[in-house]
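Protein chains in written order, with this note's numbering: chain E, 1 to 356; chain D, 1 to 290.
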């Protein structure tokens with residue numbers, strides 16, 4: 001079951017009465033796979049997460065709000081990473097390249113006088129094209145080779161940004177003119193309007209991600225990732241499917257880059273650290289690679305926490321916190337907080353209904 | 001012409017260091033089937049221990065074994081008590097564990113010794129002899145000599161010794177290895193210790209150039225990864241050749257194009273090679289029974 005229409009909800013209730021064992025098995029399977037019967041709850045949790053982020057962001061200090069904006073930017077980036085990892089089973093450590101490209105496209109177009117929203121749209125489209133082009137050679141690789149090659153790509157981005165200083169501002173950096181105004185609210189820095197824009201972008205990206213994963217494109221991509229030979233036998237154009245997934249990851253990277261550019265307002269080559277690529281990857285794993293809310297949790301852990309914890313933990317020690325969290329996540333089975341919560345939520349539901 | 005000679009010669013020297021980093025990855029990959037992202041951080045811990053011992057008055061040549069032993073012991077402890085136990089969740093979990101360990105080490109270093117860059121001592125900067133326009137310092141000679149010796153030793157270890165062959169068997173067929181009485185855990189532990197030694201030597205070679213701070217040796221990780229992808233994940237000789245190729249290529253790009261294009265050139269070369277030789281230059285194509 002991949003949708004949450006009222007009819008289907010009724011039929012799900014009916015199956016709970018008729019065959020509770022099968023009903024709960026489907027819920028458990030859905031919690032394990034990130035697809036299937038729990039689609040409705042994933043929409044609800046996404047909405048709840050968005051409301052929490054907005055309420056906290058509006059009522060808290062600008063430092064907390066900026067942390068939430070940055071977390072959301074990273075969450076969008078994590079979503080793209082997760083798409084590659086969940087469907088194709090490949091590790092992408094090149095997310096920083098997409099983020100940087102998207103940010104620089106927006107910087108250049110916006111500073112050339114293009115309206116901000118058009119600049120962001122161009123950033124998404126052009127970064128998606130870059131994702132597609134990079135995927136042509138990269139998607140021929142598998143396993144560790146993909147991870148290491150994308151790691152090299154992320155590593156080279158800072159140097160490339162310096163090489164293209166006339167376009168990027170290099171080490172010295174460039175200011176971005178204007179802001180992503182939202183119905184009269186200023187969309188720059190840590191302004192409330194910027195938070196709304198970031199949250200809306202995350203909702204759109206999240207809904208797209210959920211839709212793709214639960215519908216035919218997700219099914220096909222999962223088949224290509226998990227059983228490529230079988231997919232080929234059934235006539236699936238594996239290469240095109242892989243290119244499609246990488247292009248989606250690129251588009252999300254471009255979106256994240258655009259919002260990042262407006263939230264920081266000043267972009268320098270030193271923004272693109274290899275550690276950022278690792279943190280994005282780690283955030284996805286800790287949050288849960290098959291969940292949109294998991295991506296948001298991951299974004300908050302690797303993006304917001306270091307900013308908010310500066311009074312408690314020295315910035316230099318943030319890597320220690322991440323390291324320990326990552327080790328704990330691996331020890332817990334490596335499926336992420338969101339999946340863990342879904343699994344135990346379903347278990348609790350089953351216990352409450354007394355049907356286990 | 002002088003520029004070309006200098007570029008090539010220094011490229012080979014640098015390439016040997018890259019090859020050494022790659023060899024550290026190969027040793028663990030051969031036994032366990034994954035790479036360790038913590039290699040650079042293990043080296044940094046050893047270097048900090050050596051640095052403070054040197055500052056306390058220990059002669060340089062005594063800090064060398066101290067650094068290497070520290071790295072070997074630390075790598076062994078990390079392998080035995082953190083990463084090898086987590087292999088039961090799969091190779092990806094083991095890789096993640098190495099990232100987690102690396103981040104933790106950087107955090108602990110930042111908290112304890114700070115993030116200030118320190119100048120690490122060198123074996124010597126005086127020119128010992130010249131080859132054409134290129135002057136070879138004591139540090140260069142020691143680096144080249146040690147790298148060559150280590151590669152010969154590693155090659156012989158994996159080709160000739162029973163333990164070396166057993167380490168490979170433990171990854172190729174763990175079940176069969178267990179049946180013939182090989183302890184895969186001990187063999188993996190040994191691979192971590194050897195990788196620790198290599199990390200220590202690499203750190204000693206580069207620390208005088210890069211200075212010492214948390215994560216300093218991680219700058220070489222990408223070259224090490226490129227080396228094993230290019231040379232083949234399981235090939236020590238492949239790592240040697242690929243390291244030298246990358247060292248020379250990087251120096252040529254820096255000298256004749258732009259130093260900021262070096263890392264992108266490395267990325268492109270690795271990508272191109274993988275497209276035509278997915279198992280690297282000297283990697284083995286996996287045999288599949290049909």
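Glycine is no exception: its CB is placed at the ideal position from the N, C-alpha and C atoms. Values in this document were obtained by computation on a predicted structure and should not be read as measured data.
Closest by C-alpha distance to residue i, when choosing among the options
i	options	result
residue 223 (chain E)	E:77, E:87, E:343 and E:308	E:87
residue 272 (chain E)	E:184, E:153 and E:130	E:153
residue 197 (chain E)	E:352, E:53 and E:346	E:53
residue 124 (chain E)	E:104, E:142 and E:136	E:104
residue 155 (chain E)	E:112, E:180, E:278 and E:90	E:278
residue 246 (chain D)	D:150, D:4, D:9 and D:15	D:15
residue 131 (chain E)	E:205, E:215, E:248 and E:231	E:248
residue 190 (chain D)	D:107, D:157 and D:267	D:157
residue 331 (chain E)	D:30, D:261, D:95 and D:24	D:95
residue 195 (chain D)	D:252, D:32 and D:8	D:32
residue 129 (chain D)	D:139, D:164, D:242 and D:47	D:139
residue 267 (chain D)	E:345, E:323 and E:145	E:145
residue 183 (chain E)	E:129, E:166 and E:117	E:117
residue 186 (chain D)	D:211, D:4, D:13 and D:76	D:76
residue 292 (chain E)	E:22, E:49 and E:27	E:49
residue 244 (chain E)	E:139, E:200, E:348 and E:120	E:139
residue 123 (chain D)	D:136, D:112 and D:113	D:136
residue 133 (chain E)	E:217, E:75 and E:97	E:97
residue 206 (chain D)	D:18, D:265, D:232 and D:3	D:18
residue 83 (chain D)	D:224, D:115 and D:29	D:29
residue 214 (chain E)	E:282, E:294, E:42 and E:328	E:42
Opening and closing residue of the beta strand (DSSP E) in which residue i lies
i	result
residue 134 (chain D)	134 to 137
residue 151 (chain E)	Residue 151 (chain E) -> not in any beta strand (DSSP E); alpha helix (DSSP H) instead, spanning 143 to 163.
Buried or exposed by the 16-neighbour rule on C-beta atoms within 10 Å, applied to residue i
i	result
residue 337 (chain E)	buried
residue 315 (chain E)	exposed
residue 275 (chain D)	exposed
residue 55 (chain D)	exposed
residue 159 (chain D)	exposed
residue 242 (chain E)	buried
residue 246 (chain E)	buried
residue 39 (chain D)	buried
residue 172 (chain E)	exposed
residue 20 (chain D)	buried
residue 176 (chain E)	buried
residue 291 (chain D)	The structure shown does not extend to residue 291 (chain D), since chain D is modelled only from 1 to 290, so the question has no answer here.
residue 35 (chain E)	buried
residue 288 (chain E)	buried
residue 10 (chain E)	Annotation note: pLDDT 44 at residue 10 (chain E) (below 50); position unreliable, coordinate value reported separately. Per the 10 Å Cβ criterion, exposed.
residue 296 (chain E)	buried
residue 133 (chain D)	exposed
residue 127 (chain D)	exposed
residue 173 (chain D)	exposed
residue 7 (chain E)	Below a pLDDT of 50, predicted positions are generally treated as unreliable, and residue 7 (chain E), at 43, falls in that range; no measurement from the model is reported.
residue 188 (chain D)	buried
Host alpha helix (DSSP H) of residue i (start-end)
i	result
residue 182 (chain E)	Careful: residue 182 (chain E) lies outside any alpha helix (DSSP H) and carries neither H nor E.
residue 136 (chain E)	116 to 138
residue 98 (chain E)	95 to 111
residue 322 (chain E)	318 to 331
residue 129 (chain D)	No alpha helix (DSSP H) holds residue 129 (chain D); the beta strand (DSSP E) holding it covers 127 to 131.
residue 19 (chain E)	Premise fails: residue 19 (chain E) is in no alpha helix (DSSP H) and is neither H nor E.
residue 81 (chain E)	62 to 83
residue 210 (chain E)	192 to 214
residue 59 (chain E)	39 to 59
residue 251 (chain D)	236 to 256
residue 275 (chain E)	274 to 287
residue 29 (chain D)	2 to 32
residue 74 (chain D)	60 to 78
residue 48 (chain D)	39 to 55
residue 371 (chain D)	Residue 371 (chain D) lies beyond the residue range present for chain D, which begins at 1 and ends at 290; the question has no answer from this structure.
Bridge partners - residue i, DSSP secondary structure assignment
i	result
residue 266 (chain E)	E:175
residue 221 (chain D)	For residue 221 (chain D), which the question treats as bridged, DSSP gives no partner whatsoever.
residue 118 (chain D)	D:212
CB contact below 8 Å: residue i versus chain B
i	result
residue 70 (chain E)	No chain B appears in this structure, whose protein chains are E and D.
Contact test: residue i Cβ vs the ligand NAD heavy atom, cutoff 7 Å
i	result
residue 126 (chain D)	With respect to the ligand NAD, the structure shown offers nothing to examine, as it has no ligands at all.
Inset, instruction - Please name the residues in the region 114 to 137 of chain E whose beta-carbon is closer than 8 Å to at least one beta-carbon of chain D, in chain order. - result: Within the region 114 to 137 of chain E, the residues whose Cβ lies closer than 8 Å to some Cβ of chain D are 137, listed in chain order.
Inset, instruction - Please name the residues in the region 139 to 169 of chain E whose beta-carbon is closer than 7 Å to at least one beta-carbon of chain D, in chain order. - result: Using a CB distance below 7 Å, the part of the region 139 to 169 of chain E facing chain D consists of 140, 141, 144, 145, 148, 149, 151, 152, 153, 155, 156, 159, 160, 162 and 163, ordered along the chain.
Inset, instruction - Check distances from the C-beta atoms of the region 15 to 41 of chain E to those of chain D and list, in chain order, the residues that come in under 7 Å. - result: Cβ contacts with chain D come from no residue of the region 15 to 41 of chain E.
Legend entry - Members of the region 110 to 131 of chain D that neighbour chain E once the beta carbon cut-off is set at 9 Å: Residues of the region 110 to 131 of chain D with a C-beta atom less than 9 Å from some C-beta of chain E are 110, 111, 114 and 115, listed in chain order.
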